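Protein chains in written order, with this note's numbering: chain R, 434 to 796; chain F, 434 to 796; chain Z, 4 to 280; chain B, 4 to 280.
All residues carry an ideal CB built from backbone N, CA and C; glycine is no exception.
All of these numbers come straight from a predicted model, not from anything done at the bench.
Below is one structure, written out as structure tokens, with a few remarks after it.
Shown next, in the form of structure tokens:
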């Protein structure tokens, strides 16, 4: 549906470098990156609001690299919405409809209703139609901006940080609605955000962008469990990242971490090279017990440690343990699990890590 | 240590209303509130930067209501730090030291080292001493601002959104350092923030502020498990809030929720009134199973439901179930629990809720 | 947006001691001295006049023609000024081109330049340089003509409008036009449908600034178009002539009329400018 | 802060068609027309002069005394102007008092008022009103005196400095002073140790704006202090006299000197102003 090939675009001392990306029809694609990573620049390039230096952008099989924004068939919701404050809500939503060629305008109408009416109902802002933009709340503004973008029935919906300006409760509601709207209308959507939980809630697939480069694309679970680099692992809150020396031994990799901790990992596909590597242990993949566990499977690592800190976050309890003077590990327990075996600061515990849960990345 | 009594302060059409607050010596107190809740205004009032309309503020047993900011013995780190950009890092940290009476200046010195040197080492910015403010990263700025505030050995440290401007990774590091510094120095600290996880990580006690009023104070776990109102429950991400009709029956309360769902709650202390109430079910307190559980304790509610959505957030898995056409509940499972009994969309499940986990609040 | 806590104009009032109060008093003392001095000056002058002086202004043939000349030339100047200021303000705000900073500075020059210098430059240009003389003979005569008044006023005042309107467009996020373009507008369509209506208050302010500056200039006009009563004498010229040769009360009355006009213009700029925010 | 993506001056360059290009060309056409016209005017005038005209300016006794008088009066005016502008700019930015908006508007009045009107008001005040005559006889003489030049320049130009310095302080978050106060400063200490050093560039800009305006005024001086060569004739007065009675080449050469000064002032304001951001 959307295919970006080797896009390069420099502005000031920042550049999008060799960006390639592919979004399937009907997919909800989230572009995750920190402030200044270039994610807004990439969305703007998709809109045709930047003349890119090199590369190709195609939408629906058509090369749109040199096509004006108004002919790309995109619905764009920019950061802070950019609603036209000199117009009413209805006029805002109608803005794009009036500008479509008259043949298209008929296509947009359903049951003889003007298209802005249909879309305002769908998004739930009909009751605001005659209001001015100034009095609207953040959530209402977001909905109106969405309605304005959807009113021209775009082939692709591009959302730039659509909920970042909202407070937490509104954010949850709007996210759920976005997902529902997108499922119902099957509109291919690219959603730019910097919030990890937001990404997990919405994304069919994700792209991680950093310093103008795409680091990894995949499903949320792929990114979460199998990040390709330490940089991506930091993005997805890996929890425990260790530097280690790797040595392959058959179907296993022996790891000696800085500080002396030894771990055994399963060989990844493709296998990581021997030598200096970064190791990720997700806090939820570490088992924690008060005694040496019985019947430990072969190659499972058992580590003795002292509990440093226990923080109750409600659904999860975050336990920080010291393996030795230099290495601390975070372990995440479900609330119910914790309630059955509560753990206190100062206790001695044993950690078990299966080789499949030790993820090795090149450094 | 800090005692605020019936503070009132109006500015424009906003007002702090009858705020009373008490912070113990050596305590890390977090003031949690959304943008515009008045939390910055309250911190500024503590600093003496607002002339309050009525009420009393005392620090260390001394009434400081009419005392100038420079004589209150506070270390203030404002939002965005307000570092003096025309001075070097060292000059910034030294700024307050020079202004102390000479008798105090000796008190500040340790081992004949000038106090700014000691504090720069403690906070870890010694290597930046001669740098100008302009070139510093966000995290470095935060540390310098903290060092500047600590250099005058304040009796109370007031931090206004100290980490909100930082990216997520730096935020975690700085939070851990803040907590360590505060533990080591036993400086009474008031920390203003809007982030729930930040509060849980840092706070000994919390105050929830909304629209210029303190809604509740207590330990993080008290706030989490026993919010006094639906408004506070929303703040602490209750997950499930239902409107219900309550009817006391001995040591139990029978609840009929809107939509027909019936629940049994333990009587709270103090007991909530009969009639219209709000009910909170924390997602981590709901048990979820594929069959009707055996040996259910008396008064435990069992609810049949259909799984609507399963979202894997890494450490937790969030399951959304439909109880009937109108009521949806969120259930939170630990990752390990989920791995043992995976759940799929569309499945029929049974929820069990113990009466102690049904929290009833007046509406 | 409108929340008082987020407003930039919020001023804190810290708890202060005697020294803080003395400091505030001395700072505010300068404000009081300046304002009282300025208002006192005008008040004393007004007290010196009677209503008769104002009616003598309106009865004087020379003043009536000067007022009329001032009105129509400044209206034309303002119109032409806006015709330039709107596209120029927009272009300077939205487009970057080689030499942008230089062009931007050159446009500021008439703001900072003594108006007298511009009048003299025009005089020399049209009488002494080849190009100027050719224009004078073959295209249009400016010197000693009402159209010369407009040219002079335009050169001296247009930059005020350009600056104000550029700042207005700077304050309008280009995203508004970007969204309009994704919704079907061309670049020009986005300007006319979105940027221009959003800038309307800034354009009013720009127009008033051009007009106020145009109505007040005198030295360059005296050099470039002369001071023939009934022909090229605008209101400031007439006031000057009356001061040196005639009735100082009438001159003062006319000057206070200009003060009143300036006050009205200022109030409009303030009210419209505030509403813009 | 310095990241290009966060910079407000970033201008996008959307993919545009023929119509978009035509639109841009027509907008930029106005810029080109105005700038080429203005630069062409001065270029033609400069081409008309030879180096000799400039040396005649410097050899003329009248011009030399006028230049000297202009220099020392404007320096004094700028100093007094800043003495008022710094506390006034700070007070208007940091303190709110009843009538704040009114006082703020009154201070803007001399910016928008024709300078001629101020000169005439001073003349009438010191010769015709009771208070003015008393000051004239018992305190200090202004009319027809060099100190009158300074008074006139001060009234006409101080507001430019006040406005610029107020905007500078508006741009400095009061939190800086608040922190200083928690660290041991009094209100005044916070001003001198923090706000004033942070505003230094804005103060330079304010001073230059006062100076540029002061050096260029002519009409109010001619009315209030006269135009006696060697006594009260400043540079603009001398240019005017030379234009009407003498050598127009010398007048133009002197005017272009003023143009050069204005250009230098503008460059300083731009460079200092940009560094401020």
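is_contact[residue i, chain B] using C-beta, thresh 8 Å
i             : result
residue 517/F : yes
residue 480/F : yes
residue 77/Z  : no
residue 502/R : yes
residue 115/Z : yes
Same chain, Cβ closer than 6 Å to residue i, neighbours up to 5 away in sequence not counted
i             : result
residue 511/F : 593
residue 275/B : 204, 207 and 208
residue 490/F : 437, 497 and 498
Whole-angstrom distance between residue j and residue i, CA atom to CA atom
i             : j             : result
residue 788/R : residue 635/R : 30 Å
residue 565/R : residue 577/R : 11 Å
residue 720/F : residue 606/F : 35 Å
residue 751/F : residue 679/R : 35 Å
residue 165/Z : residue 87/Z  : 8 Å
residue 553/F : residue 185/B : 19 Å
residue 58/B  : residue 69/B  : 15 Å
residue 223/Z : residue 467/F : 59 Å
residue 730/F : residue 656/R : 42 Å
residue 728/R : residue 461/R : 44 Å
residue 10/Z  : residue 444/F : Any reading at residue 10/Z is ruled out, since the residue's pLDDT is 34, under 50, leaving its predicted position unreliable.
residue 32/B  : residue 258/Z : 39 Å
Within-8 Å CB hit, residue i to chain Z
i             : result
residue 209/B : no
residue 461/R : no
residue 484/F : yes
CB of residue i within 8 Å of CB of residue j, strictly
i             : j             : result
residue 506/R : residue 437/R : no
residue 265/B : residue 89/Z  : no
residue 48/Z  : residue 96/Z  : no
residue 768/F : residue 753/F : no
residue 263/Z : residue 208/Z : no
residue 582/F : residue 548/F : no
residue 480/R : residue 514/R : no
residue 109/Z : residue 42/B  : yes
residue 778/F : residue 745/F : no
residue 449/F : residue 475/F : yes
residue 665/R : residue 649/R : yes
residue 463/F : residue 624/F : yes
residue 17/B  : residue 196/Z : no
Any C-beta of chain F under 8 Å from that of residue i
i             : result
residue 173/B : no
residue 201/B : yes
residue 205/B : no
Own chain residues within Cβ distance below 8 Å of residue i, not counting five before or after
i             : result
residue 705/F : 679, 686, 793, 794 and 795
residue 783/F : 721, 722, 723, 724, 725, 726, 735, 736, 737 and 738
is_contact[residue i, chain R] using C-beta, thresh 8 Å
i             : result
residue 631/F : no
residue 17/B  : yes
residue 744/F : yes
residue 765/F : yes
Beta carbon proximity, residue i to chain C, threshold 8 Å
i            : result
residue 20/B : No chain C is part of this structure, whose protein chains are labelled R, F, Z and B.
- prompt: What runs of the alpha helix (DSSP H), each 4 residues or longer, lie entirely inside the region 654–709 of chain R?
  reply: As for any alpha helix (DSSP H) of minimum length 4 sitting wholly inside the region 654–709 of chain R, the runs are 663–668, ordered along the chain.
- prompt: What are the start and end residues of each continuous beta strand (DSSP E) run of 3 or more residues lying completely inside the region 745–770 of chain R, in chain order?
  reply: Counting only runs of at least 3 residues, the region 745–770 of chain R fully encloses the following beta strand (DSSP E) elements, listed from N- to C-terminal order: 749–755 and 761–767.
task: Report the residue ranges of all beta strand (DSSP E) runs contained in full by the region 467–510 of chain R; include only those spanning at least 3 residues, in chain order.
output: Counting only runs of 3+ residues, the beta strand (DSSP E) found wholly inside the region 467–510 of chain R occupies 487–492 and 507–510, in chain order.
task: Please list the segments of the beta strand (DSSP E) lying wholly inside the region 572–604 of chain F, counting only runs of 3 or more residues, in order along the chain.
output: Inside the region 572–604 of chain F, DSSP marks whole beta strand (DSSP E) runs of 3 or more residues at positions 589–593, from first to last along the chain.
field: Segments assigned alpha helix (DSSP H), at least 4 residues, entirely inside the region 32–69 of chain Z
entry: Annotation: the region 32–69 of chain Z contains the following complete segments of the alpha helix (DSSP H) (minimum length 4 residues), in chain order: 54–62.
field: Segments of 3+ residues assigned as beta strand (DSSP E) that fall wholly inside the region 126–150 of chain B
entry: Counting only runs of at least 3 residues, the region 126–150 of chain B fully encloses no beta strand (DSSP E) element at all.
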